[in-house]
Amino acid sequence: GMKYPHDIEGGFSIAESYARKVSDAIKKIEGSISKSDNIAYAQNNSALSASMIVNFVLGISEKPVALVYKLKDEIDSYIFSIRGNKSCKVHLGRVVNQISSEIGGSGGGHEKACGAVVPREKLKQFIYLLDRLVAQ
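Laid out in structure tokens, this is it:
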């Protein structure tokens, strides 16, 4: 039968608090985006999915490649999600596989979407190498 407003208020407030959590997390990430010549990158400390965030960073950064990383303490490494847009000229999966294995990590994937696991102390080196290779 007919639902009265008070029956669905609970549902609204749950949706509302979720929407607020998402927008707060997005704002935090937006404020923490760093850019080099060819890539935009940000650390994800939120509970939001990496792919949601990396697509957001790619969209607003106007760089050909975006990456989002999260520290995984148990393995003393960062987990990266990496995306490229149409103006990205390299095969990201191959390039990421090459540089991550050179620095003691692992990674790879598709042309415009891939991932990597990078030792904690190699974070800056990974970003630097990727930035240089994307330039080609």
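Counting from 1 along the sequence shown, just add 7 to a position and that's the residue number in this note's numbering.
A virtual CB, placed ideally from N, CA and C, is assigned to each residue, including glycine.
Proximity below 8 Å, CB of residue i to CB of residue j
i           : j           : result
residue 51  : residue 72  : no
residue 89  : residue 122 : yes
residue 140 : residue 119 : no
residue 115 : residue 104 : yes
residue 40  : residue 47  : yes
Cut-off 6 Å between Cβ atoms - residues of its own chain near residue i, not counting five sequence neighbours on either side
i           : result
residue 113 : 107 and 124
Residue range of the alpha helix (DSSP H) that includes residue i
i           : result
residue 143 : No alpha helix (DSSP H) holds residue 143; DSSP gives it neither H nor E.
residue 57  : 57–68
residue 100 : 99–109
Cutoff 8 Å; reference residue i; Cβ partners in own chain excluding five residues on either side
i           : result
residue 57  : 51, 75, 77, 86 and 88
residue 102 : 137, 140 and 141
Simplified DSSP state of residue i, which is helix, strand or coil
i           : result
residue 114 : strand
residue 79  : strand
residue 88  : strand
residue 40  : coil
heavy atom of the ligand NAD below 7 Å from residue i C-beta
i           : result
residue 118 : As presented, the structure is devoid of all ligands, the ligand NAD included, so that no description of it is given.
Where the beta strand (DSSP E) through residue i begins and ends
i           : result
residue 206 : Here the chain covers residues 8 to 143 and nothing more, so residue 206 does not appear.
Own chain, CB closer than 7 Å to residue i, minus 5 neighbours either side, in chain order
i          : result
residue 97 : 140, 141 and 143
Test: residue i CB closer than 8 Å to a CB of chain D
i          : result
residue 63 : Included in the structure is just one protein chain, with no chain D present.
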